[in-house]
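A.B. asks:
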Amino acid sequence: MDHLLRACILLIIFSVSSFSKQHWDFELINVSYFTSNTSIADMELNTKRIGRGRYGCSGFIETKVDMYDEDVRQKQILRFLSLILNGFKTAGTVLKVVGASWQKTRIGTYILIGAGLLVIGAFFIGYIERPEYDGTYCATAFWTKQVGFQIEYWKQQNDLLNIPKGAARICYKDSIYENGWAQIEIETQRSFPDWVQAYGAGIIEGSLTWHQIYNQWVNTIQSSCERDEDAQNFCTWLRDLLTENYIKIKETALLRQDLEHYWHQIGLFFFQLEGLETGYRKGAKRARSDLEEEIPFSDFLLMNAAADIQDLKIYYENFVLSSGSNATTSTSTGAAETVPRKNFYLPMASMLTKIFPSDNSGSWQLLFGHSTAGSYASMLRIQKRYKFHYHFGPNQRTNTVPGVDITFTGYPGILASTDDFYIVKGRQVQSVVAGVGMKNENLDLWKSVNINQAVLLSARVMAANRVAQNRRTWAKAMSKHPYTGSKQWISIDLNKLGPLDSLYQTLAEDDSFDDKPAPLDPKDEAVISELHNRYKGLIWIAEQLPGRMHMKDVTERFINDNSTAWLANGVPFFDELLEVSKVNVDSYPNDLLPTDNEKLTNLEAVDSFLRTHGFRGDLLGDEESLAYGNTDIKLFAYNARLGISDYHAFAGPVFMRLQHMQPRSIPEPSNPEGPINSSILDDRLSVTIDDAAELAEMEMITERRPVRNDMRAIAMRQTGAGPFKWSSVYEKMSDIKHAGHPDEWNFGKVTPKWAW
Numbered sequence: 008m009d010h011l012l013r014a015c016i017l018l019i020i021f022s023v024s025s026f027s028k029q030h031w032d033f034e035l036i037n038v039s040y041f042t043s044n045t046s047i048a049d050m051e052l053n054t055k056r057i058g059r060g061r062y063g064c065s066g067f068i069e070t071k072v073d074m075y076d077e078d079v080r081q082k083q084i085l086r087f088l089s090l091i092l093n094g095f096k097t098a099g100t101v102l103k104v105v106g107a108s109w110q111k112t113r114i115g116t117y118i119l120i121g122a123g124l125l126v127i128g129a130f131f132i133g134y135i136e137r138p139e140y141d142g143t144y145c146a147t148a149f150w151t152k153q154v155g156f157q158i159e160y161w162k163q164q165n166d167l168l169n170i171p172k173g174a175a176r177i178c179y180k181d182s183i184y185e186n187g188w189a190q191i192e193i194e195t196q197r198s199f200p201d202w203v204q205a206y207g208a209g210i211i212e213g214s215l216t217w218h219q220i221y222n223q224w225v226n227t228i229q230s231s232c233e234r235d236e237d238a239q240n241f242c243t244w245l246r247d248l249l250t251e252n253y254i255k256i257k258e259t260a261l262l263r264q265d266l267e268h269y270w271h272q273i274g275l276f277f278f279q280l281e282g283l284e285t286g287y288r289k290g291a292k293r294a295r296s297d298l299e300e301e302i303p304f305s306d307f308l309l310m311n312a313a314a315d316i317q318d319l320k321i322y323y324e325n326f327v328l329s330s331g332s333n334a335t336t337s338t339s340t341g342a343a344e345t346v347p348r349k350n351f352y353l354p355m356a357s358m359l360t361k362i363f364p365s366d367n368s369g370s371w372q373l374l375f376g377h378s379t380a381g382s383y384a385s386m387l388r389i390q391k392r393y394k395f396h397y398h399f400g401p402n403q404r405t406n407t408v409p410g411v412d413i414t415f416t417g418y419p420g421i422l423a424s425t426d427d428f429y430i431v432k433g434r435q436v437q438s439v440v441a442g443v444g445m446k447n448e449n450l451d452l453w454k455s456v457n458i459n460q461a462v463l464l465s466a467r468v469m470a471a472n473r474v475a476q477n478r479r480t481w482a483k484a485m486s487k488h489p490y491t492g493s494k495q496w497i498s499i500d501l502n503k504l505g506p507l508d509s510l511y512q513t514l515a516e517d518d519s520f521d522d523k524p525a526p527l528d529p530k531d532e533a534v535i536s537e538l539h540n541r542y543k544g545l546i547w548i549a550e551q552l553p554g555r556m557h558m559k560d561v562t563e564r565f566i567n568d569n570s571t572a573w574l575a576n577g578v579p580f581f582d583e584l585l586e587v588s589k590v591n592v593d594s595y596p597n598d599l600l601p602t603d604n605e606k607l608t609n610l611e612a613v614d615s616f617l618r619t620h621g622f623r624g625d626l627l628g629d630e631e632s633l634a635y636g637n638t639d640i641k642l643f644a645y646n647a648r649l650g651i652s653d654y655h656a657f658a659g660p661v662f663m664r665l666q667h668m669q670p671r672s673i674p675e676p677s678n679p680e681g682p683i684n685s686s687i688l689d690d691r692l693s694v695t696i697d698d699a700a701e702l703a704e705m706e707m708i709t710e711r712r713p714v715r716n717d718m719r720a721i722a723m724r725q726t727g728a729g730p731f732k733w734s735s736v737y738e739k740m741s742d743i744k745h746a747g748h749p750d751e752w753n754f755g756k757v758t759p760k761w762a763w
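Following this note's numbering, the numbering of the sequence shown begins with 8 at its first residue and continues without gaps.
1. Tell me where the beta strand (DSSP E) around His271 begins and ends.
2. Expressed to the nearest angstrom, what Euclidean distance is found between the alpha-carbon atoms of Val736 and Gly636?
3. Give the range of the beta strand (DSSP E) segment to which Ile228 is assigned.
4. Which partner residues of Met556 appear in the DSSP bridge assignment?
5. Ignore the nearest five residues each way along the sequence and tell me which others in Asn252's own chain have a CB closer than 7 angstroms to its CB.
6. Tell me the DSSP bridge mates of Phe156?
7. The beta strand (DSSP E) that contains Lys394, what's its start and end?
8. Can you look up Ala634 in the DSSP assignment and give me helix, strand or coil?
9. For the structure I just gave you, are there three or more beta carbon pairs, one from the stretch 286-293 and one from the stretch 473-491, closer than 8 angstroms?
10. Run through DSSP, which three-state label would Gly123 get?
11. On the DSSP bridge assignment, give the partners of Ser734 in chain order.
12. Between Pro138 and the rest of its own chain, which residues show a CB-CB distance below 7 angstroms, the 5 nearest in sequence each way excluded?
13. Hey, could you find the ends of the beta strand (DSSP E) Asp500 is sitting in?
14. What does the alpha-carbon distance come out to for the pair Gln403 and Asn609?
15. Between the C-alpha atoms of Glu185 and Asp582, what's the straight-line distance to the nearest angstrom?
16. On the DSSP bridge list, what partners appear for Asn646?
17. Count the CB pairs spanning the stretch 270-286 and the stretch 198-214 that are closer than 8 angstroms, and state whether there are at least three.
18. Tell me whether the stretch 301-320 and the stretch 235-252 touch, counting them as touching only if at least three CB pairs, one residue from each stretch, are closer than 8 angstroms.
19. Apply the 10 Å Cβ neighbour rule to Tyr117 and answer buried if 16 or more other Cβ atoms are within range, or exposed otherwise.
20. Measuring straight from C-alpha to C-alpha, what distance separates Asp426 and Arg263?
21. Is it buried or exposed for Gly155, if we count other Cβ within 10 angstroms and need 16 for buried?
22. Tell me the DSSP secondary structure of Met355 in three-state form.
23. Give me the Cα-Cα distance between Leu649 and Lys172, rounded to the nearest whole angstrom.
24. Measuring straight from C-alpha to C-alpha, what distance separates Lys162 and Gly286?
25. So what does DSSP say about Lys28, is it helix, strand or coil?
26. Look up Phe622 in the DSSP assignment and say whether it is helix, strand or coil.
27. What residue range does the beta strand (DSSP E) around Lys180 cover?
28. Please list, in chain order, all residues of the same chain as Lys589 whose beta carbon is under 7 angstroms from its beta carbon, the five residues on each side excluded.
29. In terms of residues, what are the limits of the alpha helix (DSSP H) holding Glu192?
30. For Thr195, which residues from the same chain have a beta carbon less than 6 angstroms from its beta carbon, with the 5 sequence-adjacent residues on both sides left out?
31. Consult DSSP for Tyr144 and reduce its assignment to one of helix, strand or coil.
32. Is Leu373 closer than 8 angstroms to Gly644 when the C-beta atoms are compared?
33. Across the stretch 143-155 and the stretch 211-219, are there enough close Cβ pairs to call them in contact, namely three or more that are closer than 8 angstroms?
34. Based on DSSP bridge pairs, tell me the residues matched to Trp573.
35. Of the choices Asn457, Ser198, Ala189 and Glu236, whose alpha-carbon is the least far from that of Trp217?
36. What number of angstroms, rounded off, separates the C-alpha of Gly282 from the C-alpha of Asp181?
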C-alpha cells in the first residue's frame with residue numbers, strides 16, 4: 008500500500024505543478040519519514056505550497072501553506088526524488104496486486120516512469136540560468152524572385168553575429184531614455200540586386216523603428232504644418248514640389264543609371280525610402296497599433312528634406328508668394344513701397360577641425376568636433392550604421408562601391424544624417440565628412456535656380472559618400488545639382504595621415520626663419536615634391552550656395568601654414584563665395600583665438616570649446632525663449648601612428664560639464680543695455696527670426712521679432728545652469744511637441760558598439 012501511496016504522490020506532483028523554476032520556489036515537499044515499512048498512519052507528509060489551495064489523493068494526503076529555507080528545500084526535494092525512484096522498482100508488483108493485467112501494469116509503469124522523468128527534468132530546468140537581454144531587436148529580409156520579400160523577426164537577441172543574413176539584416180536598440188540615442192545597424196549582401204538590398208533595408212528599418220518614426224513626424228512635420236494657415240499653405244506647396252521632383256528623379260535615375268554611378272546611387276536612395284514607408288506600415292500593423300493618422304509618402308519626402316527646408320522656405324517667401332524679387336505694395340497715400348526681402352538668421356551648427364603633429368609619436372593626429380543646431384522638437388536621435396554592398400551600376404558584375412560602410416548620427420525616418428556628420432569606410436577608403444549650414448545674404452542668387460530640378464541634399468551626400476574613391480571625387484559628386492541644402496563641408500582622408508618625415512618638417516621650419524629660402528638640391532626638391540604629393544588630397548573644403556559650388560584641396564593650409572585648426576560656423580571660407588554671398592565678416596567674429604588653439608590638444612578640450620560657444624534658446628528668458636539651439640556634440644579623434652580612432656557623442660541641448668573644465672564665472676553686466684564682450688557676440692542675431700515654431704529643423708516665419716545681443720550673451724552665460732528639462736520649460740514651451748523624449752537631457756558620452 009505504501010508503494011501505491013508513492014505513486015499517488017507522484018501523480019499529485021505531475022498533475023498540480025508545471026515544474027518551472029518559479030513553481031519550485033513556491034512548492035516544497037517535506038518527507039520526514041517514508042520507507043517501505045512505514046504504514047500510512049505513521050507517515051508524516053506535508054506538501055507545502057503558496058497560493059495554490061488544498062489538494063488530495065484518495066483522501067490520504069492534504070496540503071498546507073508554508074515556505075522553507077533554500078538549502079533545506081533542495082535537500083528535501085532530492086530526498087523525495089530518491090524515494091520516488093525506489094518506488095518505481097516495485098510499482099509493477101503493486102499494480103499487479105490490485106488486480107491489473109500485465110499489459111495494463113506495463114502501461115502504468117511506463118506512465119509512472121515518464122512522469123518521474125518529467126519531475127527530474129523540471130527540477131534541473133528550473134535551475135538553468137535564463138539569458139538576460141539588453142533590448143536589442145533583430146530582423147532579416149529574405150528575397151526570392153518567386154516569392155518576393157519575406158521578413159523574419161527574431162525578437163530580442165544577444166548573439167548578433169549569428170543573425171541570418173538574407174538580403175538585409177538589422178539590429179535595433181532604443182536606448183533614448185538611457186543615454187539619449189537609439190542605435191541601428193543594417194547590413195546587406197552583395198549577392199542580391201542593389202534595388203533588393205535598398206528596398207529590403209528600408210523595410211526592416213521601418214518595421215522596427217515605426218513608433219519612433221511616428222513620434223518624429225508628430226513632433227516636427229505635423230505640428231509645424233498645422234500651426235496656422237500660412238504654415239499649411241507652405242507645407243502644401245512643399246509637398247507638391249517634393250512629390251513632383253521625386254517622380255522626375257526616379258525617371259532620370261532609371262534612364263542614366265547604366266552610364267553614371269551617381270544616378271544609380273540616387274535611385275537606390277529612393278528605393279530605400281519606399282521600403283522604409285512599407286516597413287513603417289508593416290511595423291504598425293504587426294504591433295496592432297491604432298495610429299491616429301497615417302503618414303503619407305509625401306511626408307516621408309518632407310522628413311528627408313530637413314536639410315533643404317530652410318532654403319526652400321526662403322525661396323517660397325521671396326519668389327513664390329512675392330512673385331519676384333522686388334514686389335511692391337501701395338500705401339494709403341497711393342505711393343508704392345518695396346516689400347522687404349525675407350531672410351532667416353538662426354544660430355548655426357559649428358564644427359572644429361585640428362590636425363597637428365604629435366610631439367612624441369612622430370605622426371599626425373586629428374581632432375574633430377561637431378555640434379548640431381536644430382529644433383528641440385527634433386531631438387529623437389539615432390546612431391546609424393549602413394553597411395550596404397551596392398555596386399557601381401545595376402549590373403551585379405560591376406565592382407562594389409568604395410564607401411560600403413557609413414556611420415552617421417541621424418533621426419527616425421531619415422536615411423541620411425542631416426546634421427551632417429559621417430564616418431565613411433570601405434575598400435581603400437577611410438574618411439570623415441561633416442558640414443554646417445552656409446550663411447547667405449544675397450537672395451538674388453535664387454533667381455538662377457530651377458527649383459523644380461532640385462535633388463534632396465540627403466540623397467546627394469549619401470551618393471557622394473558611396474561612389475567617391477578620394478576626397479576630390481567626393482567634392483565633384485557633391486557639385487551635381489547644388490540648388491538647395493546650402494552647406495559648408497569638410498572632407499578628410501584618414502588614409503593620408505601617414506607618419507611625418509623629418510626632412511619635410513625641417514625644411515618647412517627653415518623657410519619660416521629665413522628671409523629667402525636657400526636654393527635646394529634637385530634631389531631634395533624631388534623628395535619634397537613627393538612628400539607634397541603624399542599629403543595632397545588630405546583635406547578638401549566644399550562650399551555650396553544656391554546654384555553654385557566651390558571646392559578646393561586645402562591640405563597646405565593645415566600642414567604648412569601653421570594654421571592647424573579651423574572653426575567652421577557658416578561664414579564662407581573661399582573669398583569668391585564670401586564676395587558672392589555678401590556676408591559681412593565683421594558681423595561674425597572668429598571665436599577661435601590663438602590661445603584657444605593652443606589648448607586644443609585632446610577631445611576634452613574640443614568638447615569644452617564647443618560647449619562654451621554653444622547656444623541655448625530656452626535660456627533667453629520667458630519672452631524671448633526659443634526651442635532652438637545646439638542639440639548635440641560629436642567628437643572624433645584619429646591617431647595616424649596607431650591607426651586607431653576614438654568617437655563618441657552627447658545628446659541633448661548643450662550645457663557646461665564641469666568635469667571637463669574648470670568652473671568659470673562671467674560677471675553679469677551692470678547695465679543690461681550696456682556693451683557686451685565682442686568675443687561672445689553674433690551681431691547678426693539682431694535681425695529678426697521666427698516667432699512661430701519649427702518645421703523639421705527650422706523655425707517657420709509668421710510674425711517676426713528681434714533677438715537682442717544682450718539676451719544672446721545671457722543665454723550663453725547660463726549654459727552652466729544645468730541640463731535641459733522639458734518639465735522646467737512647460738509653461739513657456741507648452742506648444743512644442745516632444746513625444747518619446749526623456750524629460751531631462753542629462754546624458755554622458757555614447758560610443759556605439761557594432762556587431763558586423
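From the three backbone atoms N, C-alpha and C, an ideal C-beta is built for every residue, glycine too.
C.D. replies: A quick look at the data gives this:
1. DSSP places His271 in no beta strand (DSSP E) but in the uninterrupted alpha helix (DSSP H) bounded by His268 to Arg293.
2. 14 angstroms
3. Counting along the chain, Ile228 falls outside any beta strand (DSSP E), and DSSP gives it neither H nor E.
4. Gln551
5. Asn459 and Ala461
6. Trp150
7. Ile389 to Lys394
8. DSSP places Ala634 in coil when its eight states are reduced to three.
9. No, they do not touch.
10. helix
11. DSSP output for Ser734 lists no bridge partner at all.
12. Asn165
13. Lys494 to Asp500
14. Computed Cα separation, rounded: 44 angstroms.
15. Rounded to whole angstroms, the gap between the alpha carbons of Glu185 and Asp582 is 45 angstroms.
16. DSSP lists Gln372 and Ile651 as partners of Asn646.
17. Yes, they touch.
18. yes
19. exposed
20. 29 angstroms
21. Answer is exposed; the Cβ neighbour count stays below 16.
22. coil
23. 32 angstroms
24. Just so you know, the alpha carbons of Lys162 and Gly286 end up roughly 16 angstroms apart.
25. In this prediction, Lys28 scores a pLDDT of 38, lower than 50, which makes its location untrustworthy; no coordinate-derived value is stated.
26. coil
27. Ala175 to Ser182
28. Glu448 and Asn449
29. That residue, Glu192, is in no alpha helix (DSSP H); its beta strand (DSSP E) goes Trp188 to Thr195.
30. Closer than 6 angstroms at Cβ, skipping near neighbours: Ala175, Gln204, Ala208, Phe395 and His396.
31. strand
32. The question names Gly, but residue 644 is Ala in the sequence shown. Result yes, Cβ atoms of Ala644 and Leu373 sit closer than 8 angstroms.
33. yes
34. Its beta-bridge partners are Thr360.
35. Nearest Cα to Trp217 within the set Asn457, Ser198, Ala189 and Glu236: Ala189.
36. 21 angstroms
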